[in-house]
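For the sequence shown, the working numbering begins at 14 and goes up steadily by one.
By construction, the Cβ of each residue, glycine as well, lies at the ideal position given by its N, Cα and C atoms.
Quick notes on the structure that follows.
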Amino acid sequence: MSSVTSLKPSALLEAMDTPSIVVFHAPWCGHCKNLMPVVDEMAQQHSSSSKPMRVYKIDASKYGSEMRAQSADFQNIMDDVPGFPTIVFFGNGQRHVYSGPRTKGAISTQFAAYLNNKLQGGGDNAADELRPEDVRVVQDGMVLFHWNKCGYCKRFMPAWQEFEAWSQSNAENITVGAIECPSTAEGRVLAQEHGVRGFPTIRVFQNGDATDYEGARSLAALRSFANTTFSGASEEEILSASEEEQLSSIVSGGGSAITDHLDRTIKALQQAQNRKQMETAFSKSVSSDTPNKPSGAALRKPVSLKATAVPDLLGRDKAILLVHASWCGACVRYMPDFEKLAATAPKDVTVARVEWDKYGNTIQTNKVGTDMIKGGLAAHVKSFPSIFVVQGGKVHKYTGSRDELPQKMAQWFQ
């Protein structure tokens, strides 16, 4: 029996205020299954120890959407969960996303360091406090205006400190720092100069001109914003780098991780059955006599697929498949554009979607698409949303701008 307590969102609030380790997982995720014995061993060890640690897990594939809808704090937490498993340290309302090796020793050591540095106010990870005169000469960078008595600021500070540490090696050409304003007269004057009316506020400097940062307050969002704003890298280049990093993590995990990802085999699904299910789904979603210019009520929508229907889609001549997750904020934001794509697609192009947190495990286990794309479909789903293009029974992952997908579709399927 596992010693790891399963949390619901309401219980996570209590865990956030005590020294704890929380694993965000999905029951269908093979890497999560590999990690659970390690987490269980840690929980058993510390249940009989005087050390201030609790170990929990939460099914983010089940509760992710609910958490995003509940509060901004939960949304910021989920923004720091790019995939499964994600390990997060909590304590006194603060959090830290763990990115080291998934071993008991490494996790325990990092958590102990986190407690010493973050919860006791020491260490090298304290925010780089700027002076008002420093802020006034910033040309390019990002500055956090905060207040030491602000609860929102305290909860956000761990993510900002992670961002500062990341910027030192990945964005050396910009200034990233923080300034506590209300406690000094000079700080209050500076906040007034920048029109800061609440805390925390992040100001973005470009060539000396400052504007407010309006993105999510998560490490992932801050890194992405800094890359696109100051390095000139495109969203797709950043995504590719992220995918390479995740793939390296899988490889470094050794044979068990790779085997879990690629080598599980069962008998292939019968194509006749797949096609029957596919056609049933299509008949419900797309009328055979849809006019060339449908009314708003008759617009084609993306076909929602189950796992058993995906092989047939990948064998078609013309299709586009969106792989998404219910807990993924980027997927939710992109869905209206994808629905427009389906409405404007040529009649002979099938536009479909599959919800990975429901069907990903089955697709991975069955090695769906191994004849159409190297390694199968699951081997290429490293982040969400992921888009795949089917042409003549061959499948490739689309890595261009999602804004350009309608134009690309018109070129591919003339």
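Item                                                                                                                                                     : Value
Quick check: the stretch 365 to 373 against the stretch 323 to 335, are there 3 or more CB pairs under 8 Å?                                              : yes
Classify D86 as buried or exposed, calling it buried when 16 or more other Cβ atoms lie within 10 Å of its own Cβ.                                       : buried
When DSSP labels each residue in this structure, what does M91 get in the three-state scheme?                                                            : helix
Since V148 sits in a beta bridge, which residues does DSSP pair it with?                                                                                 : Answer is none; V148 lacks a bridge partner.
Determine the direct distance from the alpha carbon of F426 to that of V362, and round the result to whole angstroms.                                    : 8 Å
DSSP on L143, reduced to helix/strand/coil?                                                                                                              : coil
Please determine, among F351, F97, L48, the residue with the shortest C-alpha to C-alpha distance to D416.                                               : F351
Between which residues of its own chain and G217 is the CB-CB distance below 6 Å, once the five residues before and five after are set aside?            : Here the sequence assigns Val to residue 217, which means Gly is not the residue at that position. Excluding residues within five positions, the ones whose Cβ falls inside 6 Å are M155, T224, Y226.
Alpha carbon to alpha carbon, how far is R81 from A338?                                                                                                  : 13 Å
Between which two residues does the beta strand (DSSP E) harbouring E227 extend?                                                                         : Run containing E227: none; DSSP gives neither H nor E here.
In whole angstroms, give me the CA-to-CA distance for L26 and M422.                                                                                      : 45 Å
Checking the sheet assignment: what are the DSSP bridge partners for V408?                                                                               : V403
Rank N161, W173, T214, G406 by C-alpha distance to the C-alpha of P195 and give the top, closest one.                                                    : N161
Which residue wins for smallest C-alpha separation from F212, given the options L48, M170, G104?                                                         : M170
Could you say if the stretch 33 to 44 and the stretch 94 to 108 meet the contact criterion of at least three C-beta pairs nearer than 8 Å?               : yes
Going by alpha carbons, who is nearest to I192 out of K395, Q152, A233, V148?                                                                            : V148
Candidates I120, H159, A234: which alpha carbon is nearest V209's?                                                                                       : H159
For G190, does the count of other Cβ atoms within 10 angstroms reach 16, so buried, or fall short, so exposed?                                           : buried
Look up F158 in the DSSP assignment and say whether it is helix, strand or coil.                                                                         : strand
Check whether the Cβ atoms of I52 and V101 sit closer than 7 Å, and answer yes or no.                                                                    : The question names Ile, yet the displayed sequence has Val at residue 52. No, these two residues do not count as a Cβ contact at 7 Å.
State the CB to CB distance for the pair P145 and L203, rounded to an integer number of angstroms; the pair is presumed to be in contact (CB under 8 Å). : 4 Å
For a test of the three-state rule: what should DSSP assign to R313, helix, strand or coil?                                                              : coil
Determine whether the beta carbon atoms of L390 and V402 lie at a separation below 7 Å.                                                                  : no
DSSP state of F102, grouped into three classes?                                                                                                          : strand
According to the neighbour-count rule (16 or more other Cβ atoms, all chains shown, within 10 Å of its Cβ), is Q107 buried or exposed?                   : buried
Measure the alpha-carbon distance for A320 versus D384 and round it to whole angstroms.                                                                  : 16 Å
Per DSSP, what kind of secondary structure is P22 in: helix, strand or coil?                                                                             : helix
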